[in-house]
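**Q** Have a look at this one.
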Amino acid sequence: METVADGLIGAIGGTRLIRLKRASAATGCEILGKAEFLNPGGSVKDRAGLAIIRDAVESGRLKPGGIIVEGTAGNTGIGLTLVANALGYKCIIVMPETQSREKIDFLRMIGADLRLVPAKPFKDPENYVHVSRRLAEELGAVWANQFDNLANREGHRLTTGAEIWEQTGGKVDAFTCACGTGGTLAGVSLALKARNPGVKIVLADPEGSGLYGWVKNGDLTVSGSSITEGIGQSRVPGNLEGVKIDDAVRIPDPEALEQVFDLLSHEGLSVGGSAGINVAAAIRVARDMGPGHTIVTVLCDGGARYQSKLFNPEFLRSKNLPVPAWM
Ligand code: PMP
């Protein structure tokens, strides 16, 4: 890794792997979290933002001073906007109004042209993804299309996945990760399996997502719900197509939150809900595989992005979720 990064672009990726001490001790495995909250925009989605903008420039679709439009749960919008600021483009971000206040405020602060829309299912034409596609068409702008744009997973194949292999010296038995666009899961699967087809790739899915059933038996039926943001799907995004996923685990919110709160109060690591799902899944996979294995997962973003939700006792009570004693 270079000591001096060449501007924002050079500072994206190259994140540390952090040994999660409690999870490792509890399972007898080496459980390692890829510290994506250390990216300049605070999440794993800086990588996708950069990969998508680079691809749009290289393919000639994005011209100097051009506009990128995207529908996002927030983190992709942050990554795209920061990269656009650094390279001289503009971003219009369409986002469901149910996402955390902190992400909304941060997007406004960094200069995104933010359009909040009511949360609607994907099959509704007013769903944020469709609104963003139509807006890009109307403006003649570039639609980032993170769900189906394979530049997303390609960025993760070349960076996140390759880094995990290098950082573990190839000693990695399994990888667990939740899916929003599937860019992270698919890109890492492609990178690791190309080097060792035996690495086990496990989807970590929240309640309210159809992907667990899809991996298990091809059935996308959705049930339940989750307070996690940016993950879970009712359809199979293009980024997952043709990619090997060996197994799936479904993690209820209380199990994920236990990890979020334990990581903070015992290890000083502040992470968001999807990281909690990922770590809970890594623990389940470790128990399943038995001691002595190395399981890598992703700490997608930081807890500060969810102060008003996951770290707010009133919010937790309103969702009938346990409030930790220290809070
Ligand atoms: N966690 C968080 C907090 C996210 O914002 C996202 C992206 N929406 C993900 C996980 C999922 O990443 P990916 O899109 O690569 O599947």
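Going by the working numbering, the sequence shown runs without a break in its numbering and finishes at 1219.
Beta carbons are placed, not taken as given, at the ideal position from N, Cα and C, and that holds for glycine.
Let me confirm a value: Arg1087 is counted as buried when at least 16 other C-beta atoms fall within 10 Å, else exposed. Which label applies?
**A** Here residue 1087 refers to the residue found at position 195 when the sequence shown is read from its first residue. Arg1087 comes out exposed.
**Q** Rounded to a whole number of angstroms, what is the C-alpha to C-alpha distance between Arg1176 and Gly905?
**A** Looking up residue 1176 in the sequence shown gives position 284. Looking up residue 905 in the sequence shown gives position 13. Their backbone Cα atoms lie some 27 Å apart in a straight line.
**Q** Looking at Arg1007: is its Cβ nearer than 8 Å to the Cβ of Ile970?
**A** In the sequence shown, the residue the question calls residue 1007 occupies position 115. In the sequence shown, the residue the question calls residue 970 occupies position 78. No, the Cβ-Cβ distance between Arg1007 and Ile970 is not below 8 Å.
**Q** Put Phe1067 into one of helix, strand or coil per three-state DSSP.
**A** To locate residue 1067, count along the sequence shown from 1; it is residue 175. If DSSP states are grouped into helix, strand and coil, Phe1067 belongs with the strands.
**Q** Let's test the definition: count the other Cβ atoms within 10 Å of the Cβ of Arg953 and tell me whether it reaches 16, buried, or not, exposed.
**A** For this step, residue 953 is matched to residue 61 along the sequence shown. The residue is exposed, with fewer than 16 neighbouring Cβ atoms inside 10 Å.
**Q** Going along the chain, which residues of its own chain have a beta-carbon closer than 8 Å to the beta-carbon of Met1181, five neighbours each way excluded?
**A** Sequence index remark: in the sequence shown, residue 1181 carries index 289 (1-based). Excluding sequence neighbours, Met1181 sits near Cys921, Asp1065, Ala1066, Lys1092 and Ile1187.
**Q** Could you check whether the Cβ of Ala965 sits closer than 7 Å to any heavy atom belonging to the ligand PMP?
**A** Start at 1 with the first residue of the sequence shown, and residue 965 comes out as number 73. Checking every heavy atom of the ligand PMP against the Cβ of Ala965, one is found closer than 7 Å.
**Q** Looking at C-beta atoms only, is the number of pairs between the segment 1032-1044 and the segment 957-964 that lie closer than 8 Å three or more?
**A** Yes, since at least three Cβ pairs between the segment 1032-1044 and the segment 957-964 fall closer than 8 Å, the two stretches touch.
**Q** Tell me where the beta strand (DSSP E) around Met987 begins and ends.
**A** Here residue 987 is taken as the residue at index 95 of the sequence shown, counted from 1. Looking at the DSSP string, the run of the beta strand (DSSP E) that includes Met987 is Lys982 to Pro988.
**Q** Of all the options Ile901, Lys1211, Leu900 and Ile910, which has the alpha carbon lying nearest to the alpha carbon of Gln1059?
**A** In the sequence shown, the residue the question calls residue 1059 occupies position 167. Gln1059 has its Cα closest to that of Ile910, out of Ile901, Lys1211, Leu900 and Ile910.
**Q** Alpha carbons only, please: which of Gln1151, Lys1085, Glu1159 and Gly1110 is nearest the one belonging to Ala1167?
**A** Looking up residue 1167 in the sequence shown gives position 275. Looking at the Cα atoms, Gln1151 is the closest of the given residues.
**Q** In this structure, does DSSP put Trp1035 in helix, strand or coil?
**A** Looking up residue 1035 in the sequence shown gives position 143. Strand at Trp1035.
**Q** Could you tell me the alpha carbon to alpha carbon distance between Asn967 and Glu994, rounded to whole angstroms?
**A** Residue numbering aside, residue 967 sits at position 75 when the sequence shown is read from its first letter. Residue numbering aside, residue 994 sits at position 102 when the sequence shown is read from its first letter. Roughly 11 Å separates the two Cα atoms.
**Q** Give me, in chain order, the residues of the same chain whose beta-carbon lies closer than 6 Å to that of Leu1027; leave out the 5 immediate sequence neighbours on both sides.
**A** Taking the sequence shown and counting its residues from 1, the one referred to as residue 1027 is at position 135. So the qualifying residues of the chain are Val961.
**Q** State yes or no: is the C-beta of Leu1095 within less than 8 Å of the C-beta of Gln1125?
**A** Taking the first residue of the sequence shown as 1, we reach residue 1095 at position 203. Taking the first residue of the sequence shown as 1, we reach residue 1125 at position 233. Result no, Cβ atoms of Leu1095 and Gln1125 do not sit closer than 8 Å.
**Q** Taking buried to mean at least 16 other C-beta atoms within 10 Å of its own C-beta, is Glu1046 buried or exposed?
**A** Locating residue 1046 in the sequence shown gives position 154, counting from the first residue. By the neighbour-count rule (16 or more Cβ atoms within 10 Å), Glu1046 is buried.
**Q** Is Ala1078 buried or exposed, if buried means 16 or more other CB atoms sit within 10 Å of its CB?
**A** Looking up residue 1078 in the sequence shown gives position 186. With 16 or more Cβ atoms within 10 Å of its Cβ, Ala1078 is classed as buried.
**Q** Sorry if obvious, but does the Cβ on Asp1193 come closer than 7 Å to a heavy atom of the ligand PMP?
**A** Against the sequence shown, residue 1193 aligns to sequence position 301. Because some heavy atom of the ligand PMP lies under 7 Å away, the Cβ of Asp1193 counts as near it: yes.
**Q** Would you check if the distance between the CB atom of Cys1069 and the CB atom of Val1080 is smaller than 8 Å?
**A** In the sequence shown, residue 1069 corresponds to position 177, counting from 1. In the sequence shown, residue 1080 corresponds to position 188, counting from 1. Yes, Cβ-Cβ distance for Cys1069 and Val1080 is below 8 Å.
**Q** Report, in whole angstroms, the separation of the C-beta atoms of Ile945 and Leu974, which I expect to be a contact under 8 Å.
**A** Here residue 945 is taken as the residue at index 53 of the sequence shown, counted from 1. Here residue 974 is taken as the residue at index 82 of the sequence shown, counted from 1. Incorrect: roughly 10 Å between the Cβ atoms, too far for contact.
**Q** Go through its chain and collect everything with a Cβ distance to Thr1051's Cβ below 6 Å, but skip five positions before and after it.
**A** Locating residue 1051 in the sequence shown gives position 159, counting from the first residue. Excluding sequence neighbours, Thr1051 sits near Gly905 and Arg939.
**Q** Do you know whose CA, among Gln1199, Gly1122 and Ile1143, lies nearest Gly1074's CA?
**A** Taking the first residue of the sequence shown as position 1, residue 1074 is located at position 182. Nearest of Gln1199, Gly1122 and Ile1143 to Gly1074, Cα basis: Gly1122.
**Q** Excluding five sequence neighbours on each side, which residues of the same chain lie with their C-beta closer than 6 Å to the C-beta of Asn1212?
**A** Counting from 1 along the sequence shown, the entry for residue 1212 is found at position 320. Cβ neighbours of Asn1212 beyond the five flanking positions: none.
**Q** I'd like the span of the beta strand (DSSP E) that includes Asp997, first residue to last.
**A** By 1-based counting over the sequence shown, the position of residue 997 is 105. It is not in any beta strand (DSSP E) - Asp997 instead sits in the alpha helix (DSSP H) that spans Arg993 to Met1001.
**Q** Spatial neighbours of Phe1153 within its chain, please: C-beta separation below 6 Å, excluding the five flanking residues on both sides.
**A** The residue you call residue 1153 lines up with position 261 of the sequence shown. Closer than 6 Å at the Cβ level, and outside the excluded window around Phe1153, lie Pro1216.
**Q** Excluding five sequence neighbours on each side, which residues of the same chain lie with their C-beta closer than 7 Å to the C-beta of Gly1053?
**A** The residue given as residue 1053 occupies position 161 in the sequence shown. Hits under 7 Å: Gly1079, Val1080, Leu1082, Ala1083 and Leu1084.
**Q** Using the Cα positions of Asp1097 and Gly1195, report the straight-line distance between them to the nearest angstrom.
**A** Position 205 of the sequence shown, counting from 1, holds the residue named residue 1097. Position 303 of the sequence shown, counting from 1, holds the residue named residue 1195. Near 19 Å, if we compare the C-alpha coordinates of Gly1195 and Asp1097.
**Q** Rank Ala927, Arg908 and Ser992 by C-alpha distance to the C-alpha of Leu1202 and give the top, closest one.
**A** In the sequence shown, the residue the question calls residue 1202 occupies position 310. Of the candidates Ala927, Arg908 and Ser992, the one whose C-alpha sits nearest the C-alpha of Leu1202 is Ser992.
**Q** Do Lys1012 and Val1190 have their beta-carbon atoms positioned less than 8 Å apart in this structure?
**A** On the sequence shown, position 298 is the one that residue 1190 refers to. On the sequence shown, position 120 is the one that residue 1012 refers to. Cβ distance not < 8 Å, so Val1190 and Lys1012 don't count as in contact.
**Q** Going by C-alpha to C-alpha distance, which of Leu912, Arg908 and Asp898 sits closest to Leu1156?
**A** Translated into the one-based positions of the sequence shown, residue 1156 becomes position 264. Out of Leu912, Arg908 and Asp898, Leu912 has the C-alpha closest to the C-alpha of Leu1156.
**Q** Following the continuous alpha helix (DSSP H) through Ile1169, name the residue where it begins and the one where it ends.
**A** Residue mapping note: residue 1169 aligns to position 277 of the sequence shown, counting from 1. Gly1165 to Met1181 is the extent of the alpha helix (DSSP H) around Ile1169.
**Q** Beta-carbon of Leu1027 versus every beta-carbon of chain B: anything under 8 Å?
**A** You won't find chain B in this structure, because it holds only one protein chain.
**Q** Which residue from Glu1018, Pro1089, Ser1210 and Lys1136 puts its Cα closest to that of Trp1057?
**A** Translated into positions along the sequence shown, residue 1057 becomes position 165. Closest option to Trp1057, Cα to Cα, is Pro1089.
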